[in-house]
Structures are given as structure tokens and as C-alpha cells.
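Peer 1: Would you mind keeping the following structure in view while I ask a few things?
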Amino acid sequence: MDMAGAVRAAIATHPSVRGAGEQVGQANAEVDAARAGYKPQITGGIENQINSYRNTSYDSRNVYTARLTGSQLVYDFGKVAGGVRKAESGVRAREAQVEQATDEVALNTAQAWVDAHLQQLLVQISREQLSAVMSITALVTERVAKGATSRSDMEQAHSRVEAMRSQLLGAEAEALRASLTLMHLTGRTAPVAITGDIPAELQSAACRDGAEADTPAVRAASARRDEARADLDVARAQRYPTVTLDGSVGQALTNGSRLYGEYRTTGQIGLNLSMPFYQGGRVQAQERGAIHQLRAYEDAVRQARLETAQGFADARAQFDGWAQREPVLQTRVASIDATRDLYRQQYLQLGTRSLLDLLNAEQEYHSARIDQAQGIHMQYRLAVQCLYFSDRMRSTFRLDEARPVYGPTMSGGRGR
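Here our numbering runs 35 ahead of the position in the sequence shown, where the first position is 1.
Spelled out as C-alpha cells, the structure:
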């Protein structure tokens with residue numbers, strides 16, 4: 036599985052992405068519920084009135100009436116409209132949370148793939164190191180047989196071989212761990228074998244642009260701020276009246292349940308104006324609370340922008356530092372490679388180098404290769420972070436196509 040395939044598989048199966056998507060469906064339902072305030076509200080039921088004495092207006096102490104009541108909002112100074120705006124802001128916030136969950140899963144999966152690629156390379160280096168030390172051991176064994184060196188050299192070489200075997204086992208265990216991490220992230224049931232090389236998108240250009248990106252975290256905070264604005268509008272609208280057109284129809288269920296001279300079916304309709312005159316300061320307290328909430332979410336937007344800019348700057352600074360070290364590590368590997376060849380010649384032909392010098396040079400060479408591999412893969416990990424903080428994860432890996440389908444959106448679509 037290549038990196039892009041692993042990332043898309045994780046997005047398609049990860050529960051955090053699915054859960055965030057279902058919250059979008061919930062938010063869309065809340066929009067529909069808020070918009071219902073514009074439509075007629077019709078209720079009905081059966082009323083039963085029991086009098087302790089015969090009411091002179093009714094023939095019976097028990098009065099049974101079936102009643103149907105309707106109410107249509109005429110004007111409310113923005114109470115329902117504010118609720119709709121709040122619900123729509125909630126949809127935008129949850130859509131941003133879907134993108135944020137997608138980016139986080141993609142970040143973790145891409146970095147896990149880079150780690151698996153590194154561990155695979157470290158296993159290869161450990162095998163080559165074991166092979167090189169075994170080759171030296173064979174030469175030493177041959178020299179001992181010829182009497183050209185002491186038996187202690189052979190024992191020392193065998194000891195180093197066992198150390199390299201132990202190191203190889205450790206590298207293979209780390210490679211298996213990385214494969215299992217990918218297995219869990221991608222929803223597979225067996226360790227994942229990676230294929231392909233590092234994508235071209237993780238080169239130096241990944242950390243060049245995007246310091247001022249409008250990330251999902253920023254968009255989610257902005258949507259929450261819009262929710263707070265809507266809450267404030269609704270709180271202020273509570274000070275003003277609400278005008279409704281109300282009507283009701285009643286049906287007396289028994290002859291004794293109607294007034295003298297009245298039809299069994301009665302009805303009324305009229306305009307109703309209502310407003311709070313005194314509620315213990317609740318309306319004013321709600322308005323003050325909404326103001327504080329709005330200020331808090333405005334600061335949350337600034338904090339999200341700050342964290343995004345700081346995260347991108349940190350990743351880019353570290354990326355540049357490792358990029359500057361790369362040619363130094365490459366030169367070190369080449370220099371130690373030349374040194375170990377020279378030591379081998381001096382050990383075999385001139386006898387001016389000891390076996391310990393030869394073994395140490397071999398170990399230093401492969402340690403330098405490990406440092407070089409780790410440095411290069413650290414750049415790849417940081418490049419993934421740059422994509423994350425610059426809001427380019429979804430476009431780089433085409434993740435909108437891989438997201439699972441969830442509920443209907445604000446536009447009435449079937450889902451993503």
C-alpha cells in the first residue's frame with residue numbers, strides 16, 4: 036500500500052471521521068427545526084373540566100371539548116431568524132470539524148507510513164551491516180587458520196556478529212510495530228506492507244507556502260463565533276414583542292358540554308401580541324452572557340490562527356534545519372565509507388590496523404547511514420506537518436473523494 040492509498044483507506048474507515056460526519060447530519064436537522072418556527076404551529080387535544088357544582092352555563096358538571104389550536108408567526112423582531120442563523124453556523128462548524136478530523140487522521144496515517152518506510156530501510160541497513168561483519172569474521176577465521184592472527188580476534192568478530200543479529204531483530208520488531216500501526220489506522224486486519232516511494236509532494240516545496248492558511252480549526256472557531264453572534268441577536272430580540280395570528284376551533288363532545296344557545300362547534304381567530312415586562316432580569320442576564328460568549332469566541336478565532344501560524348513556522352524551521360544537515364550527513368557517510376575501505380586494506384595487507392579498528396569503522400559507517408536515513412525521513416514527517424498546518428492535506432491526497440457518506444447538507448444534497 037502506497038502512502039496515498041493508506042491515507043485514503045484511513046479516511047474511509049476511521050470512526051472519528053464518520054462520527055464527525057454524523058454530527059453534520061444532526062446540525063442540518065437542527066436547521067430544519069429552527070426554520071420550522073416560520074411555519075404554522077398546530078396543536079390539538081381533548082379538554083375535560085370537572086366542576087364541584089353544576090355550572091349555570093353548562094348542563095353538566097363534566098365538560099368535554101375537543102380543541103384544535105393554530106398559531107402563525109407574523110413578526111418577532113428576529114427571534115426565529117437568529118435561531119436559524121445559529122443553526123446554520125452550527126452546520127458550518129461541524130463541517131469544519133469533519134475536515135479537521137480528516138486532516139488529523141491523514142496526518143497520523145501519513146506519518147505512520149513514513150515511519151514504516153524508515154523502519155523498512157533500517158532493517159535493510161541492519162542486514163547489510165550483519166552481512167559486512169560476517170564477511171569480516173570469515174576473513175578473520177581464515178587468518179586464524181593460517182596463523183596470521185590470534186584466536187581472540189575471531190572471538191571478538193563472532194561477538195560482534197551476535198550483536199548485529201540482535202540489532203537486526205530489534206529493527207525487524209520496530210518494522211512490525213510500524214506495520215501494525217498502519218493496520219489499525221487503515222482498518223485492516225493484517226499488518227500492512229508498504230509499497231512505492233515517498234510522494235513528490237513531500238519535498239522542499241511542502242514547507243514553502245501556507246503560513247496564513249485558513250485551516251479547519253480556524254473555520255470551526257469562526258463558525259462558533261457566528262453562533263455566538265446569533266445568540267446575542269436572539270437575546271436582544273427577547274426585549275421586543277412577538278406578534279402571532281392565533282386561532283382555535285372547539286367541538287363540544289356532549290350536549291352538556293356547551294353553553295346555552297351555543298353551537299357545538301365554536302371558533303375564534305385574532306392577532307396576539309406578547310412581550311416580557313418583567314422576568315427577574317433574565318433577559319438582560321442572557322444578553323450579557325451572549326456578549327461575553329461572543330468575545331470568548333472572537334479570542335478563540337485569534338487563538339486558532341496563532342496556533343496554526345506557530346505550528347507551520349515550527350515545522351518549517353525544523354524542516355530547513357534538517358535540510359541543511361542532509362549534505363553534511365551525506366558527506367560523512369561517503370568519508371567513513373572511504374575510511375573503512377582503507378582500514379580493510381591496512382588490516383589485510385599492511386597489518387597496521389587492528390581488527391577492532393576494522394569493526395569500529397564498519398559500525399560507524401552503518402551508524403552514519405542510519406543517521407542519514409533518520410534525517411531524511413524526519414524531513415518527510417515535517418513536510419507532512421507543513422501540509423497539515425497549511426490546509427493542503429485534503430487536496431494533496433484527494434481526500435474529499437475518500438470520505439464516507441453522511442447525512443444531508445444545508446443545500447439539501449444527499450451527502451458527501
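By construction, the Cβ of each residue, glycine as well, lies at the ideal position given by its N, Cα and C atoms.
1) Would you verify that the beta carbon of S166 is, or is not, closer than 8 Å to some beta carbon of chain C?
2) With a threshold of 16 other CB atoms inside 10 Å of the CB of G56, please say whether the residue is buried or exposed.
3) In three-state terms, what does DSSP make of E247?
4) In three-state terms, what does DSSP make of I233?
5) What residue ranges within the stretch 68-125 form continuous beta strand (DSSP E) runs of no fewer than 3 residues, ordered along the chain?
6) Measure the beta-carbon distance from D133 to V42 and round it to whole angstroms, keeping in mind my assumption that it falls under 8 Å.
7) Would you kindly report the start and end of the unbroken beta strand (DSSP E) that includes S185?
8) Three or more C-beta pairs under 8 Å: does that hold for the stretch 110-130 against the stretch 64-74?
9) Tell me which residue opens and which closes the beta strand (DSSP E) that L383 is part of.
10) Across which residues does DSSP place N307 in a beta bridge pair?
11) Determine which residues share a DSSP beta bridge with A287 and list them.
12) Which residues mark the beginning and the end of the alpha helix (DSSP H) in which V419 is found?
13) Can you give me the C-alpha to C-alpha distance between A270 and V318, rounded to a whole angstrom?
14) Would you list the residues sitting across from G302 in a DSSP beta bridge?
15) Ordered along the chain, which non-local residues of its own chain (more than five positions away) have a Cβ less than 7 Å from that of S425?
16) Do the stretch 354-366 and the stretch 261-277 make contact, defined as three or more Cβ pairs closer than 8 Å?
17) Is the Cβ-Cβ distance between M36 and I229 less than 8 Å?
18) Rounded to whole angstroms, what's the CA-CA distance from M199 to V168? Just pull it up for me.
19) Just the C-alpha distance for C242 and H152, rounded to the nearest angstrom, thanks.
20) Only counting runs of 3 or more residues, tell me where the beta strand (DSSP E) segments fall wholly within the stretch 143-194, in order along the chain.
21) Tell me the DSSP secondary structure of H219 in three-state form.
22) Q328 and D232 look like a contact to me (Cβ under 8 Å); what is the Cβ gap, rounded to whole Å?
23) Hey, could you find the ends of the alpha helix (DSSP H) S430 is sitting in?
24) Our contact map puts A350 next to Q420 with C-beta atoms below 8 Å; I'd like the distance itself, whole angstroms only.
25) What separation, rounded to the nearest whole angstrom, lies between the Cα atoms of T48 and N143?
26) Let me check understanding here. Comparing Cα to Cα, which of R379, R427, A263 and R404 lies closest to L394?
27) Between which two residues does the alpha helix (DSSP H) carrying V42 extend?
28) Could you name the residues of the same chain whose beta carbon sits closer than 6 Å to that of R120, not counting the 5 residues immediately before and after it, in chain order?
29) Could you tell me how far apart the beta carbons of V140 and A45 are, in whole angstroms, since I believe they sit closer than 8 Å?
30) Secondary structure at C238, three-state DSSP: helix, strand or coil?
31) Rounded to a whole number of angstroms, what is the C-alpha to C-alpha distance between S109 and R259?
32) Buried or exposed for S446, please, with buried defined as at least 16 other CB atoms from any protein chain shown within 10 angstroms of its CB.
33) Report yes if the CB atom of A235 is closer than 8 Å to the CB atom of Y332, and no otherwise.
34) Quick one: what does DSSP say R323 is sitting in, helix, strand or coil?
35) Whole angstroms are fine: how far does the CA of R404 sit from the CA of L156?
36) So, at 8 Å on beta carbons, what are the nonlocal neighbours of L391 in its own chain, with the 5 sequence-adjacent residues on each side left out?
Peer 2: So, from the data block:
1) Absent from the structure: chain C. Only one protein chain is present.
2) The residue given as residue 56 occupies position 21 in the sequence shown. By the 10 Å Cβ count, G56 comes out buried.
3) Along the sequence shown, one-based indexing puts residue 247 at 212. In this structure, E247 counts as coil in the three-state DSSP scheme.
4) Position 198 of the sequence shown, counted from the first residue, corresponds to residue 233. Looking at I233 - three-state DSSP - the assignment turns out to be coil, as it is neither helix nor strand.
5) 76-85 and 97-110
6) The residue you call residue 133 lines up with position 98 of the sequence shown. The residue you call residue 42 lines up with position 7 of the sequence shown. The question names Asp, but residue 133 in the sequence shown is Val. About 16 Å separates the beta carbon of V133 from that of V42, a gap too long to meet the 8 Å contact definition.
7) Walking along the sequence shown from the start, residue 185 turns up at place 150. Boundaries cannot be given for S185, as no beta strand (DSSP E) includes it and DSSP labels it neither H nor E.
8) Put simply, the stretch 110-130 touches the stretch 64-74. At least three CB pairs are less than 8 Å apart.
9) Taking the first residue of the sequence shown as 1, we reach residue 383 at position 348. That residue, L383, is in no beta strand (DSSP E); it is neither H nor E in DSSP.
10) For the purposes of this step, residue 307 is identified with residue 272 of the sequence shown, where counting begins at 1. Paired residues: T279.
11) To locate residue 287, count along the sequence shown from 1; it is residue 252. DSSP, once it has assigned bridges, lists T100 as partnering A287.
12) Counted from its first residue, the sequence shown places residue 419 at position 384. Segment L390 to F424, the alpha helix (DSSP H) holding V419.
13) What you label residue 270 is simply residue 235 of the sequence shown in a count that begins at 1. What you label residue 318 is simply residue 283 of the sequence shown in a count that begins at 1. Between A270 and V318, the C-alpha separation is close to 7 Å.
14) Mapped onto the sequence shown, residue 302 falls at position 267. Bridge partners of G302: V284.
15) If you number the sequence shown from 1, residue 425 lands on position 390. Residues of the same chain with a CB within less than 7 Å of the CB of S425, apart from the 5 flanking positions on each side, are D244, G245, A248 and F347 in chain order.
16) no
17) Indexing the sequence shown from 1 puts residue 36 at position 1. Indexing the sequence shown from 1 puts residue 229 at position 194. Cβ atoms of M36 and I229: closer than 8 Å.
18) Translated into positions along the sequence shown, residue 199 becomes position 164. Translated into positions along the sequence shown, residue 168 becomes position 133. Cα to Cα, the separation comes out at about 8 Å.
19) Locating residue 242 in the sequence shown gives position 207, where the first residue counts as 1. Locating residue 152 in the sequence shown gives position 117, where the first residue counts as 1. Cα-Cα distance, rounded: 21 Å.
20) None, since the stretch 143-194 contains no complete beta strand (DSSP E) of that length.
21) The count along the sequence shown starts at 1 and reaches residue 219 at position 184. Of the three classes helix, strand and coil, the one that applies to H219 here is helix, per DSSP.
22) As a working note, residue 328 is residue 293 in the sequence shown. As a working note, residue 232 is residue 197 in the sequence shown. Actually they do not touch by this definition, with Cβ atoms about 50 Å apart.
23) Your numbering for residue 430 matches position 395 in the sequence shown. Residues M428 to F432.
24) Numbered from its first residue, the sequence shown carries residue 350 at position 315. Numbered from its first residue, the sequence shown carries residue 420 at position 385. Their Cβ separation, rounded to whole angstroms, is 4 Å, which keeps A350 and Q420 in contact under 8 Å.
25) Here residue 48 refers to the residue found at position 13 when the sequence shown is read from its first residue. Here residue 143 refers to the residue found at position 108 when the sequence shown is read from its first residue. Near 14 Å, if we compare the C-alpha coordinates of N143 and T48.
26) By 1-based counting over the sequence shown, the position of residue 394 is 359. Ranking R379, R427, A263 and R404 by Cα distance to L394 puts R379 first.
27) The residue you call residue 42 lines up with position 7 of the sequence shown. First-last of the alpha helix (DSSP H) with V42: M38 to T48.
28) Here residue 120 refers to the residue found at position 85 when the sequence shown is read from its first residue. So the qualifying residues of the chain are A265.
29) The residue labelled residue 140 in the question sits at position 105 within the sequence shown. The residue labelled residue 45 in the question sits at position 10 within the sequence shown. At roughly 5 Å, the Cβ-Cβ gap stays under 8 Å, so V140 and A45 are in contact.
30) Mapped onto the sequence shown, residue 238 falls at position 203. The sequence shown places Gln at residue 238, rather than the Cys named in the question. Coil.
31) As a first step, residue 109 must be located in the sequence shown, where it is residue number 74. As a first step, residue 259 must be located in the sequence shown, where it is residue number 224. Note on identity: in this sequence residue 109 is Val, with Ser being the wrong assignment. One C-alpha to the other measures close to 29 Å.
32) Along the sequence shown, read from residue 1 onward, the residue named residue 446 stands at position 411. Because S446 sits at a pLDDT of 43, beneath the cut-off of 50, its placement in the model cannot be relied upon, and the following sentence gives the value as read from the coordinates. Here S446 is exposed, its C-beta having fewer than 16 other C-beta atoms within 10 Å.
33) As a working note, residue 235 is residue 200 in the sequence shown. As a working note, residue 332 is residue 297 in the sequence shown. Contact flag unset, no.
34) Counting from 1 along the sequence shown, the entry for residue 323 is found at position 288. It is helical.
35) Start at 1 with the first residue of the sequence shown, and residue 156 comes out as number 121. Start at 1 with the first residue of the sequence shown, and residue 404 comes out as number 369. Distance between the alpha carbons of L156 and R404: 10 Å.
36) By 1-based counting over the sequence shown, the position of residue 391 is 356. Cβ within range, chain order: Q191.
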